[in-house]
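Trainee: Provided herewith is a single structure, encoded as structure tokens, for subsequent inquiry.
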Amino acid sequence: MSEANDCIFCKIIKGKVDTEFLVKNKNLAVFEDIKPKAPVHYLIVSREHIETLDDIQNENRELLGDMILTGKKMAEKLNIQGNYKLVFNVGERGGQEVFHIHLHLLGGWK
Ligand code: AMP
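Below, the structure written as structure tokens:
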């Protein structure tokens, strides 16, 4: 599984940064966004270092499915089901800051 030495999300996933994981499985890990953009803001992060959604191949279908289903299940667990966003930012002009694929789970608005 590929990883990058200078990637903050690789460091988090490898346990090099003190982080609370809500979910960790063979495909992904979930942790809170350090600068939340909504009352609820979690990141669903691939364990493998894949830079962007544009790099996704057929072989990554299971990963993508797991990321989206995890987002849905987390929304239920956090009681925001029916009112949330799952967002991939892609590329610099698409608002991506961390080049390690992740899905934002945003919600909790009143
Ligand atoms: P994006 O702009 O889609 O690449 O999203 C990257 C997200 O990662 C931003 O919302 C950041 O606040 C968040 N982030 C950056 N560094 C960390 C970190 N060390 N722990 C948790 N979230 C982070």
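So the sequence shown is numbered by the numbering used here: it starts at 61 and just counts up by one. Note that the Cβ used here is the ideal one computed from N, Cα and C, for glycine as well. Remember, predicted model here, so these are calculated numbers, not experimental data.
In terms of residues, what are the limits of the beta strand (DSSP E) holding E111?
Mentor: For E111, there is no enclosing beta strand (DSSP E), as DSSP marks it with neither H nor E.
Trainee: I need the DSSP call for I104, collapsed to helix, strand or coil.
Mentor: strand
Trainee: Should T79 go down as buried or exposed, given a rule of 16 or more other Cβ atoms within 10 Å for buried?
Mentor: exposed
Trainee: With H, G and I counted as helix, E and B as strand and the rest as coil, what does DSSP make of K170?
Mentor: DSSP places K170 outside both helix and strand once states are collapsed to three, so it counts as coil.
Trainee: Work out the CA separation of S62 and G9 for me, nearest whole Å.
Mentor: No answer is possible for residue 9: the residues shown for the chain start at 61 and end at 170.
Trainee: Got a sec: does ligand 1 put a non-hydrogen atom nearer than 7 Å to the Cβ of D114?
Mentor: D114: no, Cβ never under 7 Å from ligand 1.
Trainee: Give every residue of the same chain whose Cβ lies closer than 8 Å to the Cβ of F91, excluding the five residues on either side of it in the sequence, and list them in chain order.
Mentor: I72, T79, E80, F81, L82, Y102, L103, V105
Trainee: Quick one: Cα of H164 to Cα of N65, how far?
Mentor: 23 Å
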